[in-house]
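Below is one structure, written out as C-alpha coordinates, with a few remarks after it.
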Amino acid sequence: MDQRGRLAEEPFSWTPRGESAVAITRDGRVVTLLRGAAASRFVARVAELDAIAAQHLMARLTGNFKHGNER
0 MDQRGRLAEE PFSWTPRGES AVAITRDGRV VTLLRGAAAS RFVARVAELD AIAAQHLMAR
60 LTGNFKHGNE R
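Residue numbers (numbering that gives the first Met the number 0): 0 to 70.
Right under this line is the structure:
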(Lines of atoms letter the chains of each structure in order from A and count residues from 1; the text may use other names and numbers.)
(Lines give C-alpha, C1' and ligand atoms only; values in the text may rest on other atoms or scores of the structure.)
Protein backbone atom coordinates (compact mmCIF):
# COMPACT_ATOMS: atom_id res chain seq x y z
CA MET A 1 0.00 0.00 0.00
CA ASP A 2 1.07 3.56 -0.65
CA GLN A 3 2.91 5.28 2.19
CA ARG A 4 0.71 8.37 1.81
CA GLY A 5 -2.95 8.67 1.01
CA ARG A 6 -5.63 11.24 0.31
CA LEU A 7 -8.80 11.29 2.34
CA ALA A 8 -12.19 11.70 0.69
CA GLU A 9 -12.49 15.37 1.57
CA GLU A 10 -9.62 17.43 0.31
CA PRO A 11 -7.26 18.97 1.40
CA PHE A 12 -6.85 16.31 4.09
CA SER A 13 -4.13 13.69 3.73
CA TRP A 14 -2.54 11.05 5.94
CA THR A 15 0.99 9.89 6.49
CA PRO A 16 2.35 7.01 8.57
CA ARG A 17 4.58 8.12 11.42
CA GLY A 18 6.76 5.27 12.57
CA GLU A 19 5.47 1.81 13.37
CA SER A 20 2.20 2.65 15.10
CA ALA A 21 1.14 6.20 14.36
CA VAL A 22 -0.67 8.03 11.57
CA ALA A 23 -0.75 11.80 11.11
CA ILE A 24 -3.86 13.34 9.52
CA THR A 25 -2.91 16.68 8.00
CA ARG A 26 -4.65 19.63 6.41
CA ASP A 27 -2.81 22.35 4.55
CA GLY A 28 0.48 20.88 5.74
CA ARG A 29 -0.43 20.99 9.43
CA VAL A 30 -1.12 17.95 11.61
CA VAL A 31 -4.72 18.12 12.80
CA THR A 32 -4.91 14.62 14.34
CA LEU A 33 -2.31 12.07 15.35
CA LEU A 34 -3.60 8.51 15.76
CA ARG A 35 -1.50 6.06 17.76
CA GLY A 36 -1.54 2.37 18.53
CA ALA A 37 -4.76 0.49 17.87
CA ALA A 38 -6.53 3.56 16.46
CA ALA A 39 -3.77 3.99 13.86
CA SER A 40 -3.91 0.30 12.98
CA ARG A 41 -7.70 0.42 12.55
CA PHE A 42 -7.41 3.54 10.39
CA VAL A 43 -4.82 1.98 8.07
CA ALA A 44 -6.84 -1.25 7.83
CA ARG A 45 -10.01 0.68 6.96
CA VAL A 46 -8.21 2.75 4.33
CA ALA A 47 -6.83 -0.44 2.77
CA GLU A 48 -10.33 -1.96 2.77
CA LEU A 49 -11.81 1.12 1.11
CA ASP A 50 -9.00 1.16 -1.47
CA ALA A 51 -9.78 -2.47 -2.31
CA ILE A 52 -13.50 -1.74 -2.65
CA ALA A 53 -12.81 1.28 -4.87
CA ALA A 54 -10.47 -0.82 -7.02
CA GLN A 55 -13.16 -3.50 -7.41
CA HIS A 56 -15.73 -0.89 -8.46
CA LEU A 57 -13.32 0.63 -10.96
CA MET A 58 -12.49 -2.77 -12.47
CA ALA A 59 -16.19 -3.65 -12.69
CA ARG A 60 -16.96 -0.39 -14.48
CA LEU A 61 -14.04 -0.82 -16.88
CA THR A 62 -15.12 -4.35 -17.77
CA GLY A 63 -18.82 -3.50 -18.02
CA ASN A 64 -19.78 -5.73 -15.10
CA PHE A 65 -20.95 -2.91 -12.85
CA LYS A 66 -24.62 -2.86 -11.91
CA HIS A 67 -26.44 0.25 -10.76
CA GLY A 68 -29.01 0.20 -7.98
CA ASN A 69 -32.07 -1.70 -9.25
CA GLU A 70 -30.48 -3.64 -12.12
CA ARG A 71 -30.62 -7.41 -11.98
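Glycine included, each C-beta is placed from N, C-alpha and C at the ideal position.
Quick caveat, the model's predicted, so the values are computed rather than measured.
- Less than 9 Å separates the beta-carbon of Leu33 from that of Ala20.
- The shortest CA-to-CA distance from Gly27 to any of Trp13, Ala52, Ala36, Ser39 is the one to Trp13.
- Excluding sequence positions up to five before and after Arg16, its CB lies within less than 6 Å of the CB of Ala22, all in the same chain and listed in chain order.
- In the DSSP assignment, Ser39 falls outside any beta strand (DSSP E) and within the unbroken alpha helix (DSSP H) covering 35-61.
- Across the set Ser39, Arg44, Met57, the C-alpha of Ser39 shows the shortest separation from the C-alpha of Glu18.
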